[in-house]
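Right, one structure below, let's go through it.
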Amino acid sequence: PIGRFDGEGHPLNGANSYVMHFGAADLPPVASEGFWSLTMYDSGYFLVPNRIGRYSIGSNDDIAVSPDGSLDLYIGTESPGPERDANWLPAPDGDFVLMMRLYCPEEPALEGTWAPPAVRTREGASAR
Numbered sequence: 010p011i012g013r014f015d016g017e018g019h020p021l022n023g024a025n026s027y028v029m030h031f032g033a034a035d036l037p038p039v040a041s042e043g044f045w046s047l048t049m050y051d052s053g054y055f056l057v058p059n060r061i062g063r064y065s066i067g068s069n070d071d072i073a074v075s076p077d078g079s080l081d082l083y084i085g086t087e088s089p090g091p092e093r094d095a096n097w098l099p100a101p102d103g104d105f106v107l108m109m110r111l112y113c114p115e116e117p118a119l120e121g122t123w124a125p126p127a128v129r130t131r132e133g134a135s136a137r
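Everything in the sequence shown is counted per this note's numbering, starting at 10 for the first residue and increasing by one.
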């Protein structure tokens, strides 16, 4: 799946901070030998240089899953804070595109019954 807009229909833009919340039962459905990734591209579909050298984030990374099994991924130009940095995908200043890839996807993804959650503007995160 490719995302160019947030859950409200606005273009994804580095002026905002976002979160993707996956419920415990809504994580990307990949086989045990598979993995998933979320990659950041600028509006021209080029990787986005950033100070931490992170261009994608996914199940092969050391991401922090909540005790209840849910997962929050933070997307924005600024760090969401040290306790959340493991789940942060840096964004460029302008418009950007998110691309999720599932390697060895399971039936819900193949059948189209699974979709990633909407990208939402973070509560309490100020726009620049």
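In this text, a Cβ means the ideal position worked out from N, Cα and C, and glycines have one as well.
A quick note: this is a predicted structure, and the numbers were derived from the prediction, not measured.
Minimum Cα-Cα distance from tryptophan 45 among the listed residues Val106, Thr130, Cys113 and Ala127 corresponds to Cys113.
Counting along the chain, leucine 36 sits inside no beta strand (DSSP E), nor does DSSP assign it H or E at all.
Where leucine 119 is concerned, the enclosing alpha helix (DSSP H) starts and stops at 116-120. Counting along the chain, tyrosine 83 sits inside the beta strand (DSSP E) bounded by residues 80-85.
When secondary structure is reduced to three states using DSSP, arginine 63 falls in the coil class, being assigned neither helix nor strand. Pairing proline 58 with proline 117 gives a Cβ-Cβ distance that is not under 7 Å. Using a C-beta cut-off of 8 Å, the segment 120-129 makes contact with the segment 21-40, since at least three inter-stretch Cβ pairs fall below that distance. Aspartate 94 sits in a helix when the DSSP states are folded into three classes.
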